[in-house]
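Per our numbering, residue 10 is the first one in the sequence shown, and the count goes up by one each step.
Below you'll find the structure, written out as structure tokens, and then a few comments.
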Amino acid sequence: MTDRNDVLFEHAREVIPGGVNSPVRAYGSVGGTPRFLASARGAYVTDAAGREYLDLVASWGPALLGHAHPEVVAAVQEAAARGLSFGAPTEGEVELADLIVDRVQAGGLRPVEQVRLVSTGTEATMTAIRLARGVTGRDLVLKFDGNYHGHSDGLLAAAGSGVATLALPGTAGVPASIAAQTLVAPYGDLDAVREIFAVRGDEIAAIIVEAAPANMGVVRPAPGYNAALAQIAHDAGALLILDEVLTGFRVHPAGHWGLQVEAGEAFEPDIITFGKVVGGGMPLAALGGKRAVMDQLAPVGPVYQAGTLSGNPLSVAAGIATLRLATPEVYAAVDAAAATVADALAAALSAEGVVHAIPRAGNLFGLAFLPEAPADYATAKTQEAFRYTPFFHAMLEAGVALPPSVFEAWFLTAAHDDEALARIVDALPAAARAAATATA
């Protein structure tokens with residue numbers, strides 16, 4: 010009997026480039042036919058053939074509460090009944106902005122005073138870069154290899170995530186003149202950053218960095234690293250853009266920045282970008298910062314940004330409901346679930362003698378086939394990635410859906426209860442054996 014996923018993928022490749030609308034979904038790294046999902050609820054997703062899987066992708070992070078949380082769905086349904094899009098200000102936009110401003114505080118610091126809502130993480134980081142250039146009057150931006158900030162021109166150089174999965178050094182279609190406006194430093198190397206600033210500091214508008222990289226595998230920043238970047242930038246009159254599109258509101262009520270401040274690393278980024286959780290699974294992202302910076306955006310300031318669907322009422326409703334439901338108890342549940350799976354993963358691989366590390370950043374974790382957790386992209390690329398393919402498919406066969414790339418983070422949700430966790434743990438030994446017997 011022909012599998013419905015195979016039929017859909019064959020058809021999709023006729024009408025959609027590669028059969029998918031985001032490259033990693035094509036299973037290019039792990040092989041096989043991607044699962045076309047038909048529905049999701051709680052900790053589970055169901056594919057087009059009617060098979061159910063425990064989900065450790067969580068829509069790449071937004072499903073903090075679990076899929077289709079009843080209160081989030083109800084909020085979206087109520088908003089839809091009032092109209093799908095207005096292209097005008099709404100009360101909900103103000104309420105969501107208030108929630109973001111109120112949450113992003115720790116240790117007496119409040120780096121976000123104003124928020125601009127946009128539709129995607131790529132749009133948020135793109136706008137943050139333009140804003141930094143407008144504020145400073147400078148052209149250059151410094152990013153790090155293995156850090157991913159969306160697919161806008163100039164930010165894909167040495168990027169991770171889909172680019173790492175496809176083993177591409179960058180992307181076609183970006184003019185050399187635009188790429189030349191981006192400087193790339195090795196992640197984690199503060200001396201390299203200082204050297205770059207010593208030579209070109211008066212031309213650099215901003216440093217942009219993932220709060221905790223999670224697109225070259227999960228990499229927890231070294232203690233004081235992000236604070237040091239802020240100091241280097243500020244000493245040179247540049248800004249620090251902290252990219253929390255993935256980590257924002259997922260690992261802590263105030264994002265990874267909040268975790269760091271609570272750990273004694275007090276610093277303030279100039280612009281923070283948010284996505285995924287902030288929209289509760291709907292297309293929504295944001296950037297925020299101090300009023301003096303954010304007021305440079307139009308219509309108050311000279312930096313232009315606009316979007317017909319910015320602050321879409323359905324997305325805003327989902328974001329408000331999600332953030333209101335993301336209580337300390339939710340974060341405690343997600344943290345505990347992530348620890349259970351990460352510990353069981355390490356135990357299963359150790360039992361089979363598989364060299365591995367389980368890098369963690371808050372409740373984010375990943376799998377690296379290396380003796381130690383990688384601290385940079387160059388190291389991450391040296392792992393025995395070939396072991397992930399049989400591991401992934403063994404888990405899928407057991408009814409557990411993992412990210413289809415070893416360079417991605419695993420995501421747990423508040424809906425992963427004891428039964429769900431037990432099923433994941435039970436599936437790990439066979440997958441570990443498959444990884445152990447893999448050959449390059």
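Cβ atoms here follow ideal geometry from the backbone N, Cα and C, with glycine treated the same way.
What you are looking at is a predicted structure, and each value in this text was computed from that prediction instead of being measured.
Alpha-carbon spacing of residue i relative to residue j, whole angstroms
i: Thr-191; j: Ile-217; result: 10 Å
i: Pro-438; j: Ala-357; result: 5 Å
i: Ala-67; j: Leu-255; result: 12 Å
i: Ala-444; j: His-76; result: 29 Å
i: Ala-431; j: His-425; result: 10 Å
i: Gly-226; j: Glu-417; result: 5 Å
i: Ala-320; j: Leu-249; result: The identity of residue 320 in the sequence shown is Gly, whereas the question assumes Ala. Approximately 25 Å between the Cα atoms of the pair.
i: His-261; j: Val-54; result: 25 Å
i: Thr-11; j: Gly-210; result: 60 Å
i: Pro-178; j: Leu-164; result: Reliability fails at Pro-178, whose pLDDT of 40 lies under 50, so the model's placement of it is uncertain and the value that follows must be treated cautiously. Those two C-alpha atoms are separated by around 12 Å.
i: Gly-146; j: Gly-117; result: 30 Å
i: Asp-148; j: Arg-139; result: 9 Å
i: Gly-289; j: Val-208; result: 43 Å
i: Pro-322; j: Leu-126; result: 11 Å
i: Glu-338; j: Ala-423; result: 9 Å
i: Val-434; j: Phe-95; result: 47 Å
i: Leu-293; j: Gly-130; result: 8 Å
i: Ala-301; j: Ala-189; result: 29 Å
i: Ala-387; j: His-160; result: 21 Å
i: Leu-411; j: Val-202; result: 35 Å
i: His-243; j: Phe-276; result: 11 Å
Per-residue burial, residue i [other beta carbons within 10 Å of its own, 16 or more giving buried]
i: Val-286; result: buried
i: Leu-65; result: buried
i: Gly-92; result: exposed
i: Asn-224; result: buried
i: Gln-86; result: exposed
i: Glu-271; result: exposed
i: Val-81; result: buried
i: Val-103; result: exposed
i: Ser-48; result: exposed
i: Phe-374; result: buried
i: Val-309; result: exposed
i: Pro-380; result: exposed
i: Val-228; result: buried
i: Glu-23; result: exposed
i: Ala-360; result: exposed
i: Ala-97; result: exposed
i: Asn-30; result: exposed
i: Asp-427; result: exposed
i: Thr-134; result: buried
i: Ser-324; result: buried
DSSP bridge partner residues for residue i (one or two, in chain order)
i: Ala-295; result: Leu-126 and Phe-283
i: Ser-48; result: Thr-55
i: Val-183; result: Beta-bridge pairing links Val-183 to no other residue.
i: Phe-400; result: Bridge partners of Phe-400: none, in fact.
i: Leu-63; result: Tyr-53 and Val-409
i: Val-150; result: Thr-191 and Ala-215
i: Leu-248; result: Ala-215
i: Ala-366; result: Ala-377
i: Trp-419; result: Phe-374
Per-residue DSSP class, three states only, for residue i
i: Leu-354; result: helix
i: Ile-205; result: helix
i: Thr-191; result: strand
i: Glu-253; result: strand
i: His-76; result: strand
i: Val-457; result: Given a span of 10 to 449 for the chain in the structure shown, any question on residue 457 remains unanswerable.
i: Ala-115; result: strand
i: Phe-18; result: helix
i: Gln-303; result: In the sequence as displayed, the identity of residue 303 is Met instead of Gln. Met-303: helix per DSSP, three-state reduction.
i: Leu-93; result: coil
i: Asn-235; result: helix
i: Ser-31; result: coil
i: Leu-334; result: helix
i: Pro-438; result: helix
- request: For the stretch 73-90 and the stretch 206-224, state whether three or more C-beta atom pairs, one from each stretch, are separated by less than 8 Å.
  value: no
message: Using a Cβ distance threshold of 8 Å, determine whether the stretch 403-413 contacts the stretch 249-263, with at least three qualifying pairs required.
response: no
- prompt: Does the stretch 103-111 touch the stretch 322-341, meaning 3 or more C-beta pairs lie closer than 8 Å?
  reply: yes
field: Validate contact between the stretch 299-318 and the stretch 383-403 using beta carbons, cut 8 Å, 3 pairs
entry: no
task: Tell me, please, whether the stretch 227-245 touches the stretch 292-310 by the rule of three or more beta-carbon pairs shorter than 8 Å.
output: Verdict: no, contact absent.
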